[in-house]
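Colleague: Residue numbers (UniProt numbering): 1 to 109. Think of the CB as a built atom: it goes at the ideal place given N, C-alpha and C, for glycine as much as any other residue. Note that the structure is a prediction, hence the values are computed from the model and not measured.
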Amino acid sequence: MNMTDIPFGTTDWSSVDATQHKGESGFAYWRTRQFGSMRVRMIEYTPGYLADHWCVKGHILLCMEGELHTELEDGRKFTLRPGMSYQVGDGAEPHRSYTEVGAKLFVVD
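This is the structure in structure tokens:
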């Protein structure tokens, strides 16, 4: 990731409009900022959310609240709790997430 031509700035995430994204079950609400080719998001998953696809995009993801389960296409499973993160590269390992209790995430991709 090359972070160039991004002036110093702050983000009040509560003032960024949320967009709703339906999962196989539940919803994700994304608050998104774009900085050149880098996307930065604050995401809230409702309880019972399950992604409707296997994602191949790379991310750095920090769990801020709740609990997030991430399954890799090869069957491995990981659980993130507040203060935990994961990272995966573009095209590296298809993954999808779900949560029983809901989760709030900070994601850079």
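Have a look at the DSSP bridge pairing and note the partners of residue 21.
Modeller: Counted from its first residue, the sequence shown places residue 21 at position 21. 28.
Colleague: DSSP puts residue 8 in a beta bridge; with which residues?
Modeller: In the sequence shown, the residue the question calls residue 8 occupies position 8. Listed as beta-bridge partners of residue 8 by DSSP are no residues whatsoever.
Colleague: Name the DSSP bridge partner or partners of residue 70?
Modeller: Here residue 70 refers to the residue found at position 70 when the sequence shown is read from its first residue. Residue 70 is bridged to 78, 97.
Colleague: Quick one, which of 80, 10, 54, 92 has its alpha-carbon nearest residue 104's?
Modeller: Start at 1 with the first residue of the sequence shown, and residue 104 comes out as number 104. Nearest C-alpha to residue 104: 80.
Colleague: Leaving out five residues on either side along the sequence, give the residues of the same chain with a beta carbon under 6 Å from the beta carbon of residue 69.
Modeller: What you label residue 69 is simply residue 69 of the sequence shown in a count that begins at 1. If we look at residue 69 and ignore the five residues flanking it on each side, its Cβ neighbours are 79, 98.
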